[in-house]
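Going line by line, the protein sequences match chains L and U. Read in my numbering, the first sequence has 57 at position 61, and its numbers run on one by one without any break. Position in the second sequence (from 1) plus 52 gives the number in my numbering. Idealized CB from N, CA, C, for every residue including glycine. The structure presented is a predicted model; accordingly, all values stated were derived computationally and were not measured. Report on the structure given below.
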Amino acid sequence: MEERVRGPVYWIFATLLLVLWVSPILASLLTSVKTLDELNRGDYWTWPQKLAFENYYEAFVNGGFSRYFVNSLLITIPSVIAILFLSSAGGYALAKLRFKAAPYLLLMFVGGMLLPFQILLIPVFYLSNHVLGTYDTRLGLVLFHTAFQLGFATFFMRNFVRTIPDGIIEAARIDGCSEWRIYRRIVLPLMRPALAALATLLFTWIWNDYLWALILLQTDTLKPITAGLQNLKGQWIASYHLQSAGAVIAAIPPVLMFAFLQKHFIRGLTMGSGK
Amino acid sequence: MPQRHEQRKAAWLFLFPSLVLYALYVVLPIFFTLYLSTTTWDGFSARVLPACLEFLANSEELGTGASLSGGSTEAPVSCFANYAELWNDDVFWVALRNNLLWLVFFSLSAFVGLALALFFHVKARAASFYKSMFFMPMVFSLVVVGTIWGWFLQPEFGLLEFLLKKMHILGEDEQFGLLASFHWATAGLIVAAAWPHAAYCMVLYLAGLSNLQRNVLEAALIDGVSRWQLLWHIVLPMLRPATIVVTIVTMIGALRSFDLVAIMTGGGPANSSNVLALYMYQQTFENNRYGYGAAIATVLFAVSLLLIVAYLRQTSRDQN
């Protein structure tokens, strides 16, 4: 039933569907380059008369989006790197090293990834505020994201490492390789496709986080772009052209990543949730 | 066996940093929240005791004599006072009802995802472009989704109003204001949430479709099975693993709904679109009722636990 050549009727219908589906995106792109005058006249759903790219300048420079953008990078990139490192080591241990606790630890990691965040909110807030002193720092957010995403990431890496044949690892052990060297020299290079897939997922999830930035950060100049956008919506009530520009800026990194690394992203999603 | 010992040591070393972080930020917090749900903690006081044991602290402060005389200490309060209060809290029930509405109607996005996957499961260069564009909403932050849909549904000039006026369902100077409506606000939120989620379900179903065994499908077609029968009796059963995953991520997503509600309606008007996740946040961080918030979180956790256990059973079945 699949994979047959489709006629023009199919493609016309598909195109209509597509336009409908992406119309929210198109509408925000259009609104983001309209002038306030045009919006005030009530021309919300028309083609912009002139392209007001200065809206982006306004958002980036006066709206502080440049700072929010940098904050998002400073939160997302270290978290992703830390998770890749920890989950690849943990995944190797759970998949290829023999020890009794392995299945229980695995269950713990899998169970944690489905938790409702609310069960963690107060303790994590308390921990950052009163114990670790990382409240209102980007580091605090990095630590939380790293810890929470380890559940999914370790499970994901463990499933990938299991597909590496035991023979390779056994041979290295017989040659007297230490477990660290096996991980570093043999397993890690083989993990590259899984790490790429995982990295794209983690980047998107952490970049898009809003709740934890709300809980763990207070100072405006430290906030990531999601919290920044929400803040500025309060200041820019009725300035829908600026709100849209802000939304577009916040969406650009994940969209670019998706555009260039779509294969990894999709593979990650299906690998991670499949089995 | 020395090698066995080596491996065990290495395993714990490899996992050590992960386990410390995970224990601190994920495992212990669960128990801490369960504990807090028995308290009336305000987030400030240094001492946090369950409500039913608070009289111990009071008697300590007043000296033992006071508790013996009995006059100054209050009667012990139940440790489940927060839950008793929840039972009588109208907003809690509205939030719970809305979470159920989310569960039911958010699931419709899974059908949309399935339909889209079936429709676009075509081998053609152009089809992959179409698919990418359909996947796009999946990578947007919910803050972005909420911003976009927020003004789509805006009462004065939003696209919905514009279309309703064009179709003369709404008079020129009438307003619908979906998100400000007691009855419709949650519907608006779920539609916005379904947009990226349907894309996600589409990805999962497309992966499922590409794993189907071609020979079975071809054999069925040769046997003269109609396309509808093929879908219903062969394709859908073969997609069962994908459906299970889709069901679980959809239900978890419905229970986790926070961002969109917080951004688009703030739970309003008058809490009519509130959900447990947001209500917990409001009670805790806006009203400083940490104990009460912890109780709401515990209820949410209890509901999720059913799903988590179902998922764990499914994955351990897959592993074996």
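{"query": "Met104 (chain L): contacting residues in chain U (beta-carbon distance under 8 Å)", "result": "Tyr74 and Val79"}
{"query": "C-alpha distance - Trp203 (chain U) paired with Gln231 (chain L), whole-angstrom precision", "result": "16 Å"}
{"query": "Collapsed DSSP secondary structure at Pro102 (chain U) in the structure displayed", "result": "strand"}
{"query": "Under 7 Å by beta carbon: chain L residues contacting Pro69 (chain U)", "result": "Leu82"}
{"query": "8 Å Cβ cutoff, Ser356 (chain U) in contact with chain L", "result": "yes"}
{"query": "Secondary structure of Thr317 (chain U), DSSP reduced to three states", "result": "coil"}
{"query": "4 or more residues per run - each alpha helix (DSSP H) lying fully within the region 206 to 266 of chain L", "result": "207 to 212 and 221 to 231"}
{"query": "Close Cβ partners of Phe261 (chain L) (< 8 Å) along its chain, the five nearest in sequence each way excluded", "result": "Ala193, Thr196, Leu197, Thr200, Met253 and Phe254"}
{"query": "Sufficient close CB pairs (3 or more, under 8 Å) joining the region 245 to 257 of chain U to the region 158 to 174 of chain U", "result": "yes"}
{"query": "Buried/exposed call for Ile170 (chain L), threshold 16 Cβ in 10 Å", "result": "exposed"}
{"query": "DSSP state of Arg63 (chain L) mapped onto helix, strand, coil", "result": "helix"}
{"query": "Proximity below 8 Å, CB of Asn150 (chain U) to CB of Ser89 (chain U)", "result": "no"}
{"query": "Cβ pair count under 8 Å reaching 3, the region 50 to 67 of chain L against the region 221 to 238 of chain U", "result": "no"}
{"query": "Where Thr91 (chain U) sits in the DSSP three-state scheme", "result": "strand"}
{"query": "CB contact below 8 Å: Phe158 (chain U) versus chain L", "result": "no"}
{"query": "Proximity below 8 Å, CB of Tyr342 (chain U) to CB of Trp93 (chain U)", "result": "yes"}
{"query": "Contact list for Met185 (chain U) against chain L, beta-carbon separation under 8 Å", "result": "Leu14, Trp17 and Val18"}
{"query": "CB contact check: Gly117 (chain U) to chain L, cutoff 8 Å", "result": "The predicted position of Gly117 (chain U) is uncertain, since its pLDDT is 45 and thus under 50; a value taken from the coordinates is nonetheless stated next. For Gly117 (chain U), the answer is no, since every Cβ of chain L falls outside 8 Å of its Cβ."}
{"query": "Beta-carbon contacts of Leu32 (chain L) that lie in its chain and below 8 Å, excluding the five residues immediately before and after", "result": "Ser235 and His237"}
{"query": "Chain-ordered residues of the region 223 to 252 of chain L with a beta carbon less than 7 Å from chain U", "result": "Leu225, Gln226, Lys229, Tyr236, Gln239, Ala243, Ala246, Ala247, Pro250 and Val251"}
{"query": "Sub-8 Å separation of Ser24 (chain L) and Val244 (chain L) beta-carbons", "result": "yes"}
{"query": "Collapsed DSSP secondary structure at Asp311 (chain U) in the structure displayed", "result": "helix"}
{"query": "The region 91 to 107 of chain L / the region 354 to 367 of chain U touching (three or more Cβ pairs under 8 Å)", "result": "yes"}
{"query": "C-alpha gap between Leu14 (chain L) and Tyr182 (chain U), whole angstroms", "result": "7 Å"}
{"query": "Any C-beta of chain U under 8 Å from that of Pro74 (chain L)", "result": "no"}
{"query": "Option nearest Gly198 (chain U) by Cα separation, candidates U:His220, U:Gly276, U:Ala329 and U:Ser309", "result": "U:Ser309"}
{"query": "Cutoff 8 Å: Phe56 (chain L) Cβ touching any chain U Cβ", "result": "no"}
{"query": "C-beta neighbour in chain U for Glu166 (chain L), strict 8 Å", "result": "no"}
{"query": "Proximity test, Cβ basis, 8 Å: Trp154 (chain U) and chain L", "result": "no"}
{"query": "Contacts around Gln45 (chain L), its chain only, beta-carbon distance under 7 Å, and the 5 residues preceding and following it disregarded", "result": "Glu34"}
{"query": "Beta-carbon neighbours of Gly320 (chain U), restricted to chain A and to distances below 9 Å", "result": "Among the chains of the structure shown, chain A does not appear; the protein chains present are L and U."}
{"query": "As assigned by DSSP and simplified to three states, the class of Gly223 (chain U)", "result": "coil"}
{"query": "Secondary structure of Thr130 (chain L), DSSP reduced to three states", "result": "coil"}
{"query": "C-beta neighbour in chain U for Ile262 (chain L), strict 8 Å", "result": "yes"}
{"query": "Chain-order list of residues whose beta-carbon lies under 6 Å from that of Gly123 (chain U) (same chain, five-residue window excluded)", "result": "Because the pLDDT at Gly123 (chain U) is just 44, under 50, the model does not fix this residue reliably, and the point stays unresolved."}
{"query": "Per-residue DSSP class, three states only, for Arg94 (chain L)", "result": "coil"}
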